[in-house]
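In the working numbering, the protein residues as written are 1 to 282.
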């Protein structure tokens, strides 16, 4: 059986980077006024962060449907029997629905995996699924393994500034004003329990208390050997490294890495945001 593996730029990787792994990536779109960028192709992380830091109101969108259709038509012409896709989650984008509809119209079999988030777990799963198929694992074995990763995954978000949330219409200026006055730091989450939508965990006073609350929440999931944890930041490398050293002590055995926040998230959460994503590996 000939299988094609498809994802999008929510992984934080370019088309060429994923192609080296035998994976097809279709870029998400980021809009700045009348200008539309192809994420990670015509807008890299530094350029996206620069726009956010200068107060640009960015919007994000699923990949151009025309690119998806062209990709799937090419795969069909190449005799592909199955497309396995791990796109950005349904709660953040319509990519899964669009891919499913286009594959149906072209009479191409597709399996779309909803990770209920994006970023590193999306990248990890598309690579592991490909490896498991190549190892000869059955569909059931792969499904059970993938479900275990998704069930374990959690992403906690700590925006250091509320300005981007206000500009994007996700928070009223009055609410942001009160939050700043009271020095409130919001903690947000996204995972399977939130159906892939950003939800509130808590509002605490001061960043130090936010970090303490995040550590408590992570401990509740009991990460250890065989887990990965990513501290992703949008121009806040010093704060991310501080967390890295703190987490090394708090979570021995966990594979902890510091990385840059993917553009589709940074576009909405703003500069200086930190996200912590962790999951059990297979």
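Quick reminder that beta carbons are idealized off the backbone N, C-alpha and C, glycines included.
May I ask you to report which of helix, strand or coil DSSP gives residue 40?
In the structure shown, residue 40 adopts coil according to DSSP, grouped into three states.
Cut-off 6 Å between Cβ atoms - residues of its own chain near residue 117, not counting five sequence neighbours on either side
89, 155 and 190
Taking the alpha-carbon of residue 266 as reference, which of 106, 163 and 140 has the nearest alpha-carbon?
163
Could you check where the alpha helix (DSSP H) with residue 95 kicks off and where it finishes?
95 to 105
For residue 220, count neighbouring C-beta atoms within 10 Å of its own C-beta (all shown protein chains included) and say buried if the count is 16 or more, exposed if not.
exposed
Residue 125 versus residue 137 - alpha carbon distance:
Each residue's alpha carbon lies about 15 Å from the other.
CA-CA distance, residue 75 and residue 139?
21 Å
Give the single residue among 158, 47 and 8 whose Cα lies nearest to the Cα of residue 68.
8
Three-way DSSP call (helix, strand, coil) for residue 271 in this model
coil
Rounded to whole angstroms, what's the CA-CA distance from residue 274 to residue 50? Just pull it up for me.
16 Å
Nearest residue (CA-CA) to residue 94, options 112, 56, 106 and 107
112
As an exercise, report each continuous alpha helix (DSSP H) stretch of at least 4 residues that is fully enclosed by the stretch 207 to 254, in chain order.
Look at the stretch 207 to 254 and you find these whole runs of alpha helix (DSSP H), each 4 residues long or longer: 207 to 219 and 237 to 250.
Which stretch, first to last residue, makes up the alpha helix (DSSP H) that contains residue 71?
65 to 77
Among 188, 192 and 218, whose alpha-carbon lies nearest the alpha-carbon of residue 204?
188
Residues that residue 203 bridges to, as DSSP identifies them:
186
Which residue's Cα is closest to the Cα of residue 207: 254, 200 and 239?
239
From the DSSP output, read off the bridge partner residues of residue 4.
Per DSSP, 83.
Rounded to a whole number of angstroms, what is the C-alpha to C-alpha distance between residue 357 and residue 245?
Since the first residue of the chain shown is 1 and the last is 282, residue 357 is not available in this structure.
Start and end of the beta strand (DSSP E) containing residue 156?
154 to 158
Using only the alpha-carbon positions, how far apart do residue 209 and residue 4 sit?
46 Å
Among residues of its own chain, excluding the 5 on either side of residue 31, which ones have a beta-carbon nearer than 8 Å to its beta-carbon?
Once the five neighbours on either side are set aside, the close Cβ partners of residue 31 are 37, 58, 59, 60 and 61.
What did DSSP end up calling residue 194 once you bin it into helix, strand or coil?
helix
Given a cut-off of 9 Å, decide if residue 96 and residue 107 are closer than it, judged by their beta-carbon atoms.
no
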